[in-house]
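Trainee:
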Amino acid sequence: MLTPFLGKSKGKLLNLVERKTRHMMYSETVAYKGAFLTSVREKLLPYYKGGVEIDPQQEEDIIREVYDEVNDLFIDEHWMISNGDLLEQTFAMLSPLKKICTHNKLKWYTDENYDLMHPNDFQIHLRSEDLVKEEKSLWEVKPELLDYLKKEVGHIVEYKQSNIDHHEAGDGIFVKTHNGQSLLPGTLLGFYPGVIRSQFTKLLQHNEESMNFNIKRYDSFWIDSEALLPYPAKQNLSLSELKKSVNFLNSAIGGEDCIEFVDPEYLNPYAIGHKINHPPPEVAANAELVDFDIPYTWFPEEYRVHLPYIDEKDFHGEESIARKNILRGVAVLASRFIEDGEEIYFDYLKQPMAWRNITEDWLVLSPPSSPLLQKKKLTTEVPLLFKIMLGIRDLKLGEKFDTWYERIEAEPPSFELKSRKKVTKSVKERLALKQEEEQKRISEGKQDEKE
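Counting the sequence shown from 1 gives a position; my numbering is that position plus 28.
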């Protein structure tokens with residue numbers, strides 16, 4: 029039965045094994061990063077909250093101690109530490125949002141050109157004078173409310189021209205902190221928002237040379253940040269269920285749609301992940317994406333509207349019982365100390381995204397922000413059946429399992445290699461063109477001197 033798969037240097041089934049092994053390694057890496065960063069924050073937070081001075085050496089010793097402690101834990105413990113802390117930080121971020129958006133005084137603060145879209149949820153206004161509907165978020169109508177958020181959460185984010193010296197950079201995400209304080213490693217900066225799509229869902233086709241910001245989580249579910257989100261979302265309802273519910277009401281009472289589809293940042297000003305830039309050359313990223321799960325019963329329904337996520341459909345038939353009744357999210361965490369006014373970056377090449385066929389000269393792998401973000405040793409194990417299959421292939425090809433596993437662990441994924449090759453080729457072509465133009469200019473100058 030295995031002969032058809034083992035006749036080539038890499039059979040189809042072994043390719044599947046390799047992809048699965050890389051996936052497990054990625055899952056282990058994400059769990060470790062989340063546990064390490066959130067544990068560092070937990071250890072350092074009492075010093076900074078209490079105004080206790082801490083010298084750099086003591087700070088480094090604490091971080092090193094956390095590094096050793098977290099590396100001694102199992103993968104499941106990593107997920108528990110990371111997820112538990114991120115749920116607490118999410119609650120602390122959503123609480124002031126809920127308080128602002130349900131405050132009765134906001135009824136007197138509305139813009140005369142805009143009506144409230146929903147009386148009890150004030151974060152989106154709807155223009156009423158024009159024939160064409162136009163939504164505007166509360167944060168645009170009353171930007172001074174962001175100061176309250178900054179005080180309560182510890183920071184806010186703003187969009188403005190990026191610091192990256194490149195014509196394609198556009199706007200970037202910048203952090204503004206309360207009283208100019210630094211943000212600790214492991215601080216929840218915001219969310220990578222979007223519609224949660226199943227691993228079995230076929231993603232929309234995109235131009236191969238364009239950017240596509242669909243992020244793949246450790247459990248193979250996709251976060252589609254290019255899709256608009258419904259407002260208001262209902263507790264525990266998927267996108268397909270919400271549409272069916274609205275259609276039923278419309279047909280029953282003859283009304284109009286009672287939901288709108290808006291950009292994620294309208295629901296939550298911390299929905300920023302899809303707008304963060306890749307770092308410029310030789311600059312390390314200062315943020316990491318870490319997956320986390322939100323139980324449906326964790327937040328009251330009035331908090332749900334501020335979570336910038338919704339399931340595409342009911343996934344109950346596609347997953348185990350243990351994975352049901354959760355909302356899948358992706359957190360943007362500070363990977364080091366972040367100063368007031370600093371631009372946020374994360375490395376696109378280190379994330380499993382849906383695009384790879386681009387040749388932009390700015391898409392180069394960034395240097396590591398800290399060696400401590402790498403786990404001492406990955407513990408991912410290959411199932412026994414696959415080891416037997418690899419043993420059979422060893423007899424045919426002479427490749428040992430240890431060599432194969434070390435290569436999988438050490439080599440970057442194929443999409444990363446492909447991107448590096450394309451970037452290198454693109455840069456070489458541009459340099460060659462510049463040299464040719466320079467040579468032509470020099471030749472023309474010499475010709476002018478002779479004349």
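Where a beta carbon is used, it is the ideal one built from N, C-alpha and C, also for glycine.
This one's a predicted model, so the numbers in the text were calculated from it and none came from an experiment.
1. With three or more beta-carbon pairs closer than 8 Å as the criterion, would you say the region 110 to 119 touches the region 188 to 208?
2. Would you identify the three-state DSSP class for Val358, choosing helix, strand or coil?
3. What number of angstroms, rounded off, separates the C-alpha of Pro84 from the C-alpha of Pro323?
4. Please state whether DSSP places Pro171 in a helix, a strand or coil.
5. Give the secondary structure of Arg225 by DSSP, where H, G and I count as helix, E and B as strand, and everything else as coil.
6. Just the Cα atoms here: how many angstroms apart are Lys244 and Glu93?
7. Is the CB-CB distance between Lys126 and Glu330 below 8 Å?
8. On the CB-based measure, 16 or more other CB atoms within 10 Å of its CB, does Pro297 come out buried or exposed?
9. What's the gap between the Cα of Pro308 and the Cα of Ile251?
10. Under 8 Å, with one C-beta from each stretch per pair, do the region 256 to 265 and the region 332 to 339 reach the 3-pair mark?
11. Leaving out five residues on either side along the sequence, give the residues of the same chain with a beta carbon under 6 Å from the beta carbon of Ile300.
12. For Phe327, count neighbouring C-beta atoms within 10 Å of its own C-beta (all shown protein chains included) and say buried if the count is 16 or more, exposed if not.
13. Grouping DSSP H, G and I as helix and E and B as strand, with all else coil, what is Ile251?
14. Just tell me which of Gly78, Asp104, Asn43 has its CA closest to the CA of Lys61.
15. Roughly how many whole angstroms lie between the Cα atoms of His194 and Glu367?
16. Between which residues of its own chain and Ser238 is the CB-CB distance below 6 Å, once the five residues before and five after are set aside?
17. Are the CB atoms of Pro171 and Thr222 within a distance shorter than 8 Å?
18. Based on the DSSP secondary-structure assignment, which residues constitute the bridge partners of Thr205?
19. What residue does the beta strand (DSSP E) around Phe289 start on, and which one ends it?
20. Where does the unbroken alpha helix (DSSP H) through Asn111 begin, and where does it stop?
21. Indicate the three-state DSSP secondary structure (helix, strand or coil) for Tyr373 in the structure shown.
22. So what does Pro323 bridge to, in DSSP terms?
23. Measure how close the beta-carbons of Leu483 and Ile91 come, nearest whole angstrom, since I'm counting them as under 8 Å.
24. Put Leu217 into one of helix, strand or coil per three-state DSSP.
25. What's the gap between the Cα of Ser266 and the Cα of Ala120?
26. Which runs of the alpha helix (DSSP H) spanning at least 4 residues fall entirely within the region 291 to 321, listed in chain order?
27. Using only alpha-carbon positions, find the residue among Gly369, Leu115, Phe102 that is nearest to Lys405.
28. The alpha helix (DSSP H) spanning Tyr331 covers which residue range?
29. How is Ile192 classed by DSSP in three states: helix, strand or coil?
30. Specify, as a first and last residue, the run of the beta strand (DSSP E) that Asn99 falls within.
Mentor: Walking through what the data contain:
1. Put simply, the region 110 to 119 does not touch the region 188 to 208. Fewer than three CB pairs are less than 8 Å apart.
2. strand
3. The straight-line gap from Cα to Cα measures roughly 38 Å.
4. coil
5. strand
6. 31 Å
7. Yes, the pair counts as a contact, with Cβ atoms nearer than the cut-off.
8. buried
9. 25 Å
10. yes
11. Val185, Ile201, Gly218
12. buried
13. Strand.
14. Asp104
15. 23 Å
16. In this prediction, Ser238 has a pLDDT of 49, which is less than 50 and means its spatial position is unreliable; what the coordinates show is noted afterwards. Within the same chain, Ser238 has no close Cβ partners at all.
17. Going by the sequence as given, residue 222 is Gly instead of Thr. Going by C-beta atoms, Gly222 is not nearer than 8 Å to Pro171.
18. His183
19. Its beta strand (DSSP E) spans residues 288 to 290.
20. 103 to 129
21. strand
22. Ile354
23. This structure leaves residue 483 out entirely; the chain is present only between 29 and 479.
24. strand
25. 25 Å
26. 292 to 295
27. Phe102
28. Going by DSSP, Tyr331 is part of the alpha helix (DSSP H) stretching over 329 to 332.
29. coil
30. Taken as a continuous stretch (DSSP letters only), Asn99 belongs to no beta strand (DSSP E), being part of the alpha helix (DSSP H) at 84 to 99.
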